[in-house]
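Working notes for the structure below.
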Amino acid sequence: MRVLIVHGIALMATGLLAGAFGYGAANLVPTFDAVPVAMRLDFHAELMKINGITVQGAMVASTFGSLTLAALTRGRARALAAAAGLLTFASFLITRLGNVPINGRIKQWAATTPPADHAEILHRWELFHHARTLTAVAAFALLIFLAFFGPFGGRRFGSGRSGSEPSGPQRTMTRAQRLTRGAAKGSPLVP
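Per the working numbering, the sequence shown starts with residue 934, numbered consecutively.
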């Protein structure tokens, strides 16, 4: 039960992180590019005040949730959960070392004027954002895969069957064979 709860927390936090970054990549970045630079800078600076708290919280919950899940599982499940944790940690590093320093410059530009090379710097911010989006989405995909094919998922690794289906001869017997077998053992025939 503990593994399922931790997996749920990791899955939810990573989904929120991937969703936030994905929304930014699909909607905010194109909008930033479509409006006048002064409007972008004002909006961007204001947005980062809120994102600084929520996005970092999601990154921490996602990373620790995934790594805790890795500690509680074995085999392939452990490897997938650890990979998800490392990918969300990569999102954190990309954000901290790439996006955050540029956000500080954007905040200054919003109060004054942007430098002549501002378009190149803003483009670098977008590249960092796309990189952290890819790492977050990849982590989310691994945790989803683990939910379906992991030790507590509905399907087994490398199997085309769900975990609840019988295996071996029982699986391939026809209804008539099962009824005949039951009659031979003295059990009543139930249609």
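Heads up, the beta-carbon is just placed ideally off N, CA and C, and yes, glycines get one too.
Check, Outcome
"Validate contact between the stretch 942 to 953 and the stretch 1036 to 1055 using beta carbons, cut 8 Å, 3 pairs", "no"
"Contact belief for A1017 with L1075 at Cβ below 8 Å, rounded distance in angstroms", "4 Å"
"Residue span of the alpha helix (DSSP H) that contains L1026, given as start and end", "G1008 to I1027"
"Backbone secondary structure at A1074 - three-state DSSP", "helix"
"Other residues of its chain near R1038: CB distance less than 8 Å, five sequence neighbours each side excluded", "I1054"
"Validate contact between the stretch 1060 to 1079 and the stretch 1025 to 1039 using beta carbons, cut 8 Å, 3 pairs", "yes"
"Outcome for R973 when other beta-carbon atoms lying within 10 angstroms are tallied against a minimum of 16", "buried"
"DSSP-derived helix/strand/coil call for P963", "helix"
"Three-state secondary structure assigned by DSSP to A1003", "helix"
"Cβ contact check for the stretch 1001 to 1009 and the stretch 959 to 966: 3 or more pairs under 8 Å", "no"
"DSSP three-state assignment for T1045, whether helix, strand or coil", "coil"
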